[in-house]
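Okay, so here's the structure we're looking at.
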Amino acid sequence: MGRTQLFPLFILLHSITFSYQYSVSVLIFGHDFESARESIQRSLINQFGSIPISIRNQSFDVNMVHAGYANKSNSQLMSDTICGSVLNGSVVVLLYSSIPSHSYLRLASSTSLSLGFYRVPTIAVGLREDELNKKRLYPTLVTSTPSFADESSVFLQLLTTLNYGQVSLITMRGDSNGLRFAQKLINNAKLHKIHVQKQIVLDGNSNVTQLNESLTQHFEEITSNVILLFAIKKDAYRLFSICDWLLKGKVWIVNEDASEAINAPNGLLAPQLNLDMEEAMRDSLETLRNGLEVITGDEQPPISCAKKRDQWTNQDSPRILNALCSTRTAKIRFDSHCRREFVDYNVVNILNGEKMRVGEMIGEKLMLSREKDILWPGEGHRPFEISLPRNLKVLIVSDPPFVYSIPATSTNCSSLSIEPVTITPNQIIPIKGDWFPCWEQLGPSPHPRHSFCCTGYAIDLLNRLSQPQIGNKNSLHHLDTSFSFELRLVSSYGAVTASSSSGYNLSGAIQLLADEEADMAIGAITINPEREQFVDFSEPWLYHGIRIVEKATPRASPMQSFLQPLQSSLWISLLISVIAVGIVIYLLDINSPFKAFYVVDDSSSSPSSFDLQAHSDDSSSEDRVGLGEAMWFVWGVLLNSGVSEKTPRSGSARVLAVVWCGFCMIVIASYTANLAAFLVLDQPEKSLTGISDPRLRNPSANFSFGTLLHSNVYQYFKRHVELSTVFRKMEAHNVEKVEDAITSLLNGKMDAFIWDSIRIDWEASRNCELRPRGSLFGRSAYGVALQKGSPWTPHITTAILNMAESEKHQLSEIVIIVGGVMEGLDHKWIGEPNGMCIPDAVKAPDRLGLSSMRDLFVLLTLAVTFGAILSLIEVSFGRHRQKTALVSSRTSVYISNYSQNRKLALRYGRRWFVVMKKRRMVPRTERALSYNLDMIVYRRGFAGLQTLSLQVISHNGPSMTMHLQEAWRNNLIRRKQNPSRIEKEQWRPIHNFSSHPTILFCTRCRGLVETHVEYRAGIFAYLSIIVMSLLLLWPCAPLPCFLSFFSDYVHICPVCSHRIARARKIGTKSFYV
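Residues in the sequence shown are numbered consecutively from 6, following our numbering.
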């Protein structure tokens, strides 16, 4: 044959070898094959218009295969159905069953697994098992209906719409759909602010009694009234038959399969997929169309089980599968894992076995159109979200002023009122409050409990939180929120630290809350991110910051501070100089050939005066300066006292005295200047200025500071990189308790302590040695810590906010009007920031205080004490000498005292002889106080000092007439009594010191003088000023200082200006000799 004739034959053979007739296989499971085939054909014609299917010039035969029954083995299914009927050029396979069952699931999963091996895209119609969504096992399977686990989204939306946040979840063991449902629900619950208190997994193979006991045990610890159930119809039937006691007061939300149980109680809520088998088939065919549209005609699907084709496996099949999963219509959408999403659901309410639609979920939005018509379990009102437990276990820490604890006695704690509490070994303060019993367990559970009585800020707050709170009647929170509590003392609030094994370690109250061994912890628990990962916190009830405290360092004032301006060598030299000058003055004066100055000779004595100087031979020795007097003079000049008995008499001694005075003037001036400079320069060390102080940022080796180990403040420094240097320095000085830090601070073992500002201010207000420094930093707040997801959290928060907003409350038996209860608690337990301590003064010039000069007062006290002791010694010695003198004989006494008595007798004898020789004999009673009228009187006149006789004064001085007339009368009486003697007129002065001048004898001038009267303000004037001031007579108060009526009369000598007498308005008259 020619080449022209062979070419058409070659083309025919090539088309027979390499062209395919593509097909779509439909595997039908079940007994009713014919009815299912007819239903599918109608759906195909409705979707594509004809059979075979024609899309884009490609024709696809429809191959309907009877897949068999439930008793068909996997090997038969593989050999007879898949290899014999499906792998014949099928590009897509559909799996269908009119009544999905678990046997259908087994056959469909086996078929999908086999087809996945050959990479044939498969669409499962109406198959909702979540097991088939595992792409590792079924890489080419596409489900056109959502899985049972996808009902979790409906559950969450329904809970959000009903405003329920606390739920419990019940699933059955061995149910893969239930396990996946629980995982998805728990993972997405946080996004909807829903907390699953507990997941209960029941054993479906248990008998009824065991199921009932298990439910009873689990629900003892559950407070939520919302129960979520996911179970198949058979397990739900058994569960509903025993849970009558769990219906009333509860909300039941069950999955669609569980709602099909014939004994489903009234009031259940359940989602219902708004998609029947016909609609599911229609959606599957729409997805099929999207996949067939990418067929180009070059694909080579497998035609048998013998061999896999690489082109199909690596290119064609992934492209077709991607087209199937990329289907986007108004109702059909797949996620990134090729799972159907955004399917419509109905929300149904079970009523007498019937399902009443009360809402619908379209896309992601759920609406309850008939919420008011919902019948709740037990046919009652809408249940509350939770049933709150009434007895709470509360953790506290002995931490003043928030919690005070004392050992419990036999007395009931509630009967206590004011009790002494030991804060530190050196600080015991009385605390008044409401005392509650508390206990502490030192060690594991077998150890006995130690009983205490507790009170404080946190206890008061907890007691108020336990009272019923008034909420919004229109909200779910309008329920009885009162509770009783049991207090347990723990060692610390707890911290979250890193661990190499588990990643973290918990301690203290945080650990007990995380382990659900307690319900609540209250006190100075700072809210921080680390703790919030494991416990819930209420709204803050007290805001605070971090502050630094240090011990005040007052200016040092040692006992020898007044000696510090001069060095020791100078003080020693000065002391030696004093002793040497005193001895030299004594020697110069005693060896002088001249007698003492100012000695009055006997012949010069006035007849009308008294000579008080000695007239014996030993007068010269008495007027010389003795050694003691010389030392007294030297010390008096040095100390600038101006007190000395005698001064040097000789010229040489006086020259030395003048030089000594100049020397002392220079020394005293130098000492005063140095003392002033010393006081100015002696300033205490500057205090800390805050966290930015250089002593904290660049700490030295001799400056120590710290905080509590693993506390919130510790974590704050650990988190902040800019404080890393401070944190490293603190590590060596951190303590376990605040009391230990305060004790170390007061003892000088620690220079600064960093802690919460509330506790720092409280400690500083009661211990004036402590001083807070700098401003607050690291601001935070205290909150009430509760278990994670605790139902009490919103109620405690509401109660705290209500107390903060209240306007009037009663606190400790008195009514206080403040901004809220919290302010009242602050006032009661924390008080004023400074308390009884005086705050640091504002910058001002430094002033001397008693503490600065107390050493001088101590020195003066010691001098007085030494003088008193020396006086006692002198008195004792004198008594001893007197007793010795009495025991001795009269002769020895006479001999020892003869010389002195003789000198005295001679002196007074000469005086008496001179005086009596110039006087006439007068009566003894008038002799000493009578004067002749011709005697001279010195008086102060207008022209100055005048000398007049008494006779002249009688004519010129009217005030003297009465006195002189009395003198004449007395003289006449004496003449009549003794006319033989002729006497001169005598005048006897009357010492009536008043506002008028008085004539009397001046002992210093040794003659008669007429006194000059001056007015001086005295006690009467001062008392009058005080009385007028008390009587509010302010304008008259100064008058007693100027009026003579209120003054004392002071009589002064006109010659020597000597103060002779003082007549007081109040008190006795004084006469100065």
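Using N, Cα and C, we set each Cβ at its ideal position, and we do this for glycine too.
None of the values given here were measured: they were computed from a predicted structure.
Test item: CB-CB of L356 and S48 under 8 Å: At least 8 Å separates the beta-carbon of L356 from that of S48.
For L293 and L329, the rounded distance between their alpha carbons: The alpha-carbon atoms of L329 and L293 are separated by roughly 7 Å.
Ranges of the alpha helix (DSSP H) found wholly within the segment 293-350, counting only runs of at least 4: You should have 322-330.
Start and end residues, beta strand (DSSP E) containing R552: Counting along the chain, the beta strand (DSSP E) containing R552 begins and ends at L547 to K556.
Cβ neighbours of D208 in the same chain (closer than 7 Å, five flanking residues each side left out): Closer than 7 Å at the Cβ level, and outside the excluded window around D208, lie R178.
For Y101: DSSP bridge partner residues: Its beta-bridge partners are I33.
Helix, strand or coil at Q472 [DSSP, three-state]: Coil at Q472, not helix or strand.
Buried or exposed by the 16-neighbour rule on C-beta atoms within 10 Å, applied to P1002: Its Cβ being crowded by 16 or more others within 10 Å, P1002 is buried.
Top-ranked residue by Cα proximity to N417, from F457, G296, F389 and G385: Ranking the options by Cα distance to N417, first place goes to F457.
Contact set for T145: own chain, Cβ-Cβ below 8 Å, skip 5 residues either direction: So the list reads S117, L120, G121, R124, V125, P126, T127, S322 and L326, once near-sequence residues are dropped.
Assumed close pair G183, F235 - CB separation to whole angstroms, cut-off 8 Å: The Cβ separation is near 5 Å, so the contact holds.
Pick from N210, I805 and D756 that is closest to R243, judged by C-alpha positions: If we check each option's Cα against that of R243, N210 comes out closest.
Where C1007 falls: helix, strand or coil (DSSP): Strand.
Three or more C-beta pairs below 8 Å linking the segment 738-757 and the segment 503-521: The segment 738-757 vs the segment 503-521: no contact.
Residues bridged to L444 [DSSP beta-bridge criterion]: Correcting the residue type first, residue 444 is Trp in the shown sequence and not Leu. DSSP lists S456 and R493 as the beta-bridge partner residues of W444.
In chain order, each beta strand (DSSP E) run of at least 3 residues that lies wholly inside the segment 229-296: Within the segment 229-296, the complete beta strand (DSSP E) runs of at least 3 residues are 231-234, 256-259 and 274-278.
Candidates L492, F683 and I696: closest to L568 by CA position: The option with the nearest alpha carbon to L568 is F683.
Straight-line Cα distance separating R1067 from A933: Only weak support is given to the placement of A933: the predicted model assigns it a pLDDT of 49, under 50, and the value that follows is read from those uncertain coordinates. So the alpha carbons of these two residues sit roughly 22 Å apart.
Cβ-based burial, Y548 [other Cβ within 10 Å; buried from 16]: With fewer than 16 other beta carbons inside 10 angstroms of its own, Y548 counts as exposed.
Nonlocal neighbours in the same chain, by C-beta distance under 8 Å from S59, ignoring five residues either side: If you ignore the 5 residues before and after S59, its C-beta comes within less than 8 Å of the C-beta of F53 and F65, all in its own chain and listed in chain order.
Euclidean distance between Cα positions of S716 and G794: Counting only the Cα atoms, G794 lies some 24 Å from S716.
DSSP-derived helix/strand/coil call for V672: Assignment of V672 by DSSP, reduced to helix, strand and coil, places it in the helix class.
Residue span of the alpha helix (DSSP H) that contains Q222, given as start and end: Here the alpha helix (DSSP H) through Q222 covers V213 to F224.
Pick from K239, W257 and D378 that is closest to I267, judged by C-alpha positions: Out of K239, W257 and D378, the CA that lies nearest to the CA of I267 is found in K239.
L273 at chain B interface by Cβ criterion, 8 Å: Of the chains in the structure shown, none is chain B; there is only one protein chain.
Euclidean distance between Cα positions of I759 and L518: Roughly 27 Å separates the two Cα atoms.
Check whether E376 and V363 have beta carbons under 8 Å apart: For E376 and V363, yes; Cβs fall inside 8 Å.
Given E741 as reference, the closest of V826, S497 and L909 once Cα atoms are compared: Just measuring C-alpha positions, the residue of V826, S497 and L909 sitting nearest E741 is S497.
Coarse secondary structure for P425, derived from DSSP in three states: P425 falls in the strand class under three-state DSSP.
Whole-angstrom distance between D1053 and V1006, CA atom to CA atom: It should be pointed out that residue 1006 corresponds to Phe in this sequence rather than to Val. Those two C-alpha atoms are separated by around 21 Å.
Through-space distance from L467 to S173, alpha-carbon basis: If I take the Cα positions, the gap works out to 28 Å.
Sheet register partners of D155 (DSSP bridge): Secondary-structure assignment with DSSP links D155 through no beta bridge to anything.
Cβ distance (whole Å) where S229 is taken to contact N193 below 8 Å: By a beta-carbon distance limit of 8 Å, S229 does not contact N193. Their separation comes to about 18 Å.
Option nearest I205 by Cα separation, candidates I227, S697 and V942: It is I227.
Residues that DSSP places opposite Q951 in a beta bridge: Beta-bridge analysis with DSSP links Q951 to R944.
Continuous beta strand (DSSP E) stretch holding T148: start and end: L146 to T148 is the span of the beta strand (DSSP E), which, as asked, contains T148.
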